[in-house]
Amino acid sequence: MKSTAERKASLRAEVWGRRRAMSTADRAATGVRIAAHGIAWASAAVPPGGTVTAYRSVGAEPPTLELVEGLHTAGFHVLLPICEPGRQLSWVEWHPGVDYERSAFAPVLEPVGPRLDARAVHEGNDARPPLAAIVLPATALDAEGRRLGQGGGYYDRFLARLDDGGARVSTAAVVFDDEVLPAGGVPDEPLDRRVDAALTPSGIRPLRNRA
Ligand SMILES: Nc1nc2c(c(=O)[nH]1)N(C=O)[C@@H](CNc1ccc(C(=O)N[C@@H](CCC(=O)O)C(=O)O)cc1)CN2
Ligand SMILES: Nc1ncnc2c1ncn2[C@@H]1O[C@H](COP(=O)(O)OP(=O)(O)OP(=O)(O)O)[C@@H](O)[C@H]1O
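Numbering follows the working numbering, with no gaps: position 81 of the sequence shown is 377.
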């Protein structure tokens, strides 16, 4: 019997193999569609001018740069993640022309600017409303909202801190269509947080995450 960690590792390897086999042109073509569906989803989940987190895709991930730009153009405050020690995330507000630096902890690019912790993001301030929605990365999802990430547990920790603060924010994880698996297809553990929806090139798919 394989352990949960082993099952997660083999599912990650399988999905990443498929992602790397996709042509650059085919992958890039999905960016506009992911952006259109993600903006429609955020417009329903977030009040006008509200705050949403997203992330900047790298490599073979489903492309999210058009989504980040589009959310900003639609008038939302868009926050991108920074990996901090202890596998915590902090957040920097994105704006056009922002500088990026290679993360100290992961092979991703992070925007340069003042950093906000989970509490600041949850509470908001005069200039920036409290966080209302989260667009997050995933490697695979299942029909009940189980999410397989990159294995750092960064988002599980962040979502747990928001819950502890009493926040209720909508979550949509970005994957390619064939990465949404039948219920039980993603192995999970007690600390794993479920997500509300899959954001794929073909649309938003609500997931049953209150099982
Ligand atoms: N674009 C993006 N930004 C993100 C995340 C993410 O998944 N994607 N994260 C989500 O938590 C955090 C960073 N965590 C990460 C942890 C490990 C790896 C990593 O080792 N990636 C491998 C590829 C995956 C593989 O082959 O298994 C690599 O590029 O070598 C990437 C991100 C925050 N920012
Ligand atoms: N709230 C938490 N507090 C402490 N440890 C946690 C928490 N959530 C997850 N972890 C730990 O983090 C590690 C990685 O978790 P997991 O494999 O589920 O990451 P992931 O969701 O795939 O990654 P990511 O969120 O970075 O994309 C595991 O050892 C897990 O027990």
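By construction, the Cβ of each residue, glycine as well, lies at the ideal position given by its N, Cα and C atoms.
Could you spell out the range, first to last residue, of the beta strand (DSSP E) harbouring residue i?
{"i": "D438", "result": "436-438"}
{"i": "W387", "result": "384-389"}
{"i": "A429", "result": "427-433"}
{"i": "R398", "result": "396-398"}
{"i": "E406", "result": "405-407"}
{"i": "A493", "result": "493-496"}
Take the Cβ of residue i as the centre, count every other Cβ of all protein chains shown within 10 Å, and call the residue buried at 16 or more, exposed below.
{"i": "H373", "result": "buried"}
{"i": "V511", "result": "There is no way to answer for residue 511, as the model of the chain reaches only from 297 to 507."}
{"i": "S353", "result": "buried"}
{"i": "G382", "result": "exposed"}
{"i": "L432", "result": "buried"}
{"i": "G345", "result": "exposed"}
{"i": "P410", "result": "exposed"}
{"i": "D492", "result": "buried"}
{"i": "L385", "result": "buried"}
{"i": "T320", "result": "exposed"}
{"i": "T496", "result": "buried"}
{"i": "E310", "result": "exposed"}
{"i": "T300", "result": "exposed"}
{"i": "T369", "result": "exposed"}
{"i": "A317", "result": "exposed"}
{"i": "P358", "result": "buried"}
{"i": "L412", "result": "buried"}
{"i": "G327", "result": "buried"}
{"i": "E406", "result": "buried"}
{"i": "D488", "result": "buried"}
{"i": "G461", "result": "exposed"}
Give the DSSP-derived three-state secondary structure of residue i in the structure shown.
{"i": "V348", "result": "strand"}
{"i": "R323", "result": "helix"}
{"i": "A340", "result": "helix"}
{"i": "T369", "result": "helix"}
{"i": "S299", "result": "coil"}
{"i": "V311", "result": "helix"}
{"i": "R356", "result": "The sequence given here places Ala at residue 356; Arg does not occur at that position. In the structure shown, A356 sits in coil (DSSP, three-state: anything other than H, G, I, E or B)."}
{"i": "E485", "result": "coil"}
{"i": "A468", "result": "strand"}
{"i": "R424", "result": "coil"}
{"i": "R443", "result": "strand"}
{"i": "P377", "result": "strand"}
From which residue to which residue does the alpha helix (DSSP H) around residue i run?
{"i": "E419", "result": "414-419"}
{"i": "G499", "result": "Run containing G499: none in the alpha helix (DSSP H); it sits in the beta strand (DSSP E), 499-502."}
{"i": "L458", "result": "450-460"}
Under 8 Å: do the stretch 433-440 and the stretch 465-484 share three or more Cβ pairs, one atom per stretch?
Proximity of the stretch 433-440 to the stretch 465-484 meets the contact definition, three or more beta-carbon pairs being nearer than 8 Å.
Answer yes if the stretch 350-368 comes into contact with the stretch 331-340, meaning at least three C-beta pairs across the two stretches below 8 Å, and no otherwise.
Look at the beta carbons and you see the stretch 331-340 touching the stretch 350-368: at least three pairs across the two are nearer than 8 Å.
Determine contact between the stretch 392-405 and the stretch 465-473, defined as no fewer than three beta-carbon pairs at a distance below 8 Å.
Result no; under three Cβ-Cβ pairs closer than 8 Å.
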